[in-house]
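Down below is the structure, laid out as structure tokens.
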Amino acid sequence: MDFADLHPYVYFATRYPFSKGQTSNNRICYASSLYLISEGRGVIHTDGRTYETEAGSLVYIPAGQPHHWVADSQDPMVHICCYFDWSYIDRRAEFTHPSMICYDAATLVPTLIGPAFPYSLPEHVKVEKLRLWIDLFEKFYTENHYTNQRTYVRSLKVQSSFQQFIEFFLTFALKEEHIPNLRMSKLLERLDQDLVQGNLQPLEIYYRELRISRGYFFDLFKDATGLPPTQYVIQFRINRAKEDLLFTNLNITEIADKHGFSSLHYFSKLFRKLNGLSPREFREAKRDGL
22 MDFADLHPYV YFATRYPFSK GQTSNNRICY ASSLYLISEG RGVIHTDGRT YETEAGSLVY
82 IPAGQPHHWV ADSQDPMVHI CCYFDWSYID RRAEFTHPSM ICYDAATLVP TLIGPAFPYS
142 LPEHVKVEKL RLWIDLFEKF YTENHYTNQR TYVRSLKVQS SFQQFIEFFL TFALKEEHIP
202 NLRMSKLLER LDQDLVQGNL QPLEIYYREL RISRGYFFDL FKDATGLPPT QYVIQFRINR
262 AKEDLLFTNL NITEIADKHG FSSLHYFSKL FRKLNGLSPR EFREAKRDGL
């Protein structure tokens, strides 16, 4: 799965207390699942691996992976859990409820198993600030029913809260080489807003606010975007200029001025370098359907 295809969607989220010594049947979830142990103790067995769990344990089980739980005989665990796909799959024709759990491997339908995340995620970790994680989970608790006309607005709120949770989870769980530096992510949000509003600041302002050197800033920026900062800004402006070339009656000089290029010559030179066509050629080719 490509990152562009990722649109995480939660189907069911709830709190589930175990009884003393309770054992769950071996299960295979068609969707991915996350379990936060909010209190108590237990054990999870999955794919030949065993993890001792306690308050603060966070367990991620990819879609299609067999697993089962055993609660402690004296201090049974409480699950705060959710079932979700990294990209929405409509299984309503096959399942009456969106929890979508198979208890007999012989009846498993492989084509209905949800997509995998592009990178490896840890199966078992210990989180700090347990109350914060619980609060995030509680915001998207939902009944084990499919969304309908009556529950649609509520579902929008649930999905919004879940998106915030997934962002928090991935920032916590992924290795740094797979995601941008968190400070850089926040800076990019501000930079994009400044570019849209025509309020771009000198780059020095941004890296000084991060309290890092210019060289380190450029390294982080390229890791996060694939481009040096100056090239990122140019590409952003050229892309906005393309929209005006295609969908407005502004002349090319007006477009160059609107998007902050110092001269028509400079705009045309950069545009040709990045696109292989002059702005005029680009406008005419696209409008002619070429």
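For the sequence shown, my numbering begins at 22 and goes up steadily by one.
Just so you know, even glycine gets a beta-carbon here, dropped at the ideal spot from N, CA and C.
On a predicted model such as this, the values are computed, not experimentally measured, just so you know.
Using a Cβ-Cβ cutoff of less than 6 Å, which residues in the same chain neighbour Leu151 once the five nearest sequence positions on both sides are dropped? Same-chain partners within the cutoff: Gly77.
Taking buried to mean at least 16 other C-beta atoms within 10 Å of its own C-beta, is Leu177 buried or exposed? By the beta-carbon neighbour count (other beta carbons within 10 angstroms, threshold 16), Leu177 is exposed.
Given a threshold of 16 other Cβ atoms within 10 Å of its Cβ, counted over all protein chains shown, does Arg62 qualify as buried or as exposed? Counting other Cβ atoms within 10 Å of its Cβ, Arg62 reaches 16 or more and is therefore classed as buried.
Between Asp340 and Gln222, how many whole angstroms is the CB-CB distance? I'm expecting something under 8 Å. Here the chain has residues from 22 to 311 only, and residue 340 is not among them.
Counting beta carbon pairs with one atom in the region 112-132 and one in the region 172-186, are three or more of them shorter than 8 Å? Segments in contact, no.
Using only alpha-carbon positions, find the residue among Pro87, Gln95, Asp156 and Tyr167 that is nearest to Thr117. It is Tyr167.
So who's on the other strand from Ala25, going by DSSP bridges? According to DSSP, which records beta bridges pairwise, Ala25 is partnered with nothing at all.
Return helix, strand or coil for Asp96, following the three-state DSSP convention. It is coil, neither helix nor strand.
Per DSSP, cross-strand counterpart(s) of Glu73: Glu73 is bridged to Val64.
DSSP three-state label for Thr251, please. In the structure shown, Thr251 sits in a helix (DSSP, three-state: H, G or I).
Report the residue ranges of all alpha helix (DSSP H) runs contained in full by the region 118-203; include only those spanning at least 4 residues, in chain order. Taken in chain order, the complete alpha helix (DSSP H) segments of 4 or more residues contained in the region 118-203 are 151-159 and 173-194.
Mind checking Arg258: buried by the 16 CB within 10 Å criterion, or exposed? Burial call: buried.
Following the continuous alpha helix (DSSP H) through Pro300, name the residue where it begins and the one where it ends. Pro300 -> alpha helix (DSSP H) spans Pro300 to Arg308.
For the beta strand (DSSP E) containing Thr35, list its first residue and its last residue. Its beta strand (DSSP E) spans residues Tyr30 to Pro38.
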